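The numbering of the sequence shown is this note's numbering, which starts it at 5 and goes up by one.
Backbone N, C-alpha and C fix where the C-beta goes; we use that ideal spot for every residue, glycine too.
If you're wondering where the values come from, they're calculated on a predicted model, not measured in any experiment.
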Amino acid sequence: MFQKDDYVIYGNSGICRVEDVGVPENYPIVRAGRLYYTLVQVFGSGTIYAPVDTQVYMRNILTKQEAETLIEQIPEIEAEAFAGQDVRTLSEKYRECLDTHQCEDLVRLIKTIFQKKQSIAGSGKKLAKTEQDFDRLAKDLLHQEFSIALEIPLEAVEEYILKRVRATQG
């Protein structure tokens with residue numbers, strides 16, 4: 005069970021802070037005696053009331069050490085080879101990466117889309133809107149988690165990652 009002030013991943017809603025655990029006051033759909041997490045989105049303006057036994061995926065965010073270790077491993081994380089697949093099939097594959105809710109899979113997804121973007125760059129083609137959307141969502145989720153775990157501003161995350169990756173490569 006999560007505790008008050010924990011930072012958690014709640015589905016694909018991004019980072020939330022557990023504001024309270026209990027029976028929310030003035031919330032119309034509360035079942036008698038059922039405990040809820042009151043989750044406040046860190047990078048948004050929403051409040052989510054989630055039953056403690058929710059079926060929505062929830063986990064604690066990475067620790068600072070886990071985030072640092074993952075950043076060091078980024079060069080070894082391989083992009084997927086989805087060449088020649090139609091947009092619908094690609095969307096399903098990308099959705100599967102997101103649905104694991106694991107940062108390694110977000111990195112893999114970002115690298116996969118980046119690699120595809122690089123491969124079509126000379127042809128004058130652009131990424132499909134679907135791929136652009138998945139890329140943006142994966143980056144948002146990953147950067148939000150790193151921002152909180154590493155205690156750095158969200159807008160500084162990408163540069164921080166690039167510096168660290170360059171330093172490990174040599």
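Taking residue 21 as reference, the option from 41, 112, 170 and 29 with the minimal CA-CA separation is 41. Of the other Cβ atoms in all chains shown, fewer than 16 fall within 10 Å of the Cβ of residue 129; this residue is therefore exposed.
Note on the segment 49 to 102: whole alpha helix (DSSP H) runs with a minimum of 4 residues are 68 to 77, in chain order. By the Cβ criterion, the segment 126 to 144 is in contact with the segment 94 to 111, since at least three pairs of Cβ atoms, one from each stretch, lie closer than 8 Å. Between residue 107 and residue 74, the beta carbon gap of about 6 Å places them in contact (Cβ cut-off 8 Å). With respect to the 8 Å criterion, residue 53 and residue 79 are not classified as neighbours on the basis of their beta carbons. Of 137, 9 and 152, the smallest CA-CA separation from residue 91 is found for 137. Of the residues assessed, residue 166 falls on the exposed side of the cut-off, its CB having fewer than 16 other CB atoms within 10 angstroms. Distances from the CA of residue 103 to each of 8, 76 and 13 were compared; the closest alpha carbon is that of 13. The way I'd put it, the segment 142 to 158 does touch the segment 110 to 127; three or more beta-carbon pairs between them come closer than 8 Å. Contact between residue 19 and residue 65 holds, since their C-beta atoms are separated by about 6 Å, short of 8 Å.
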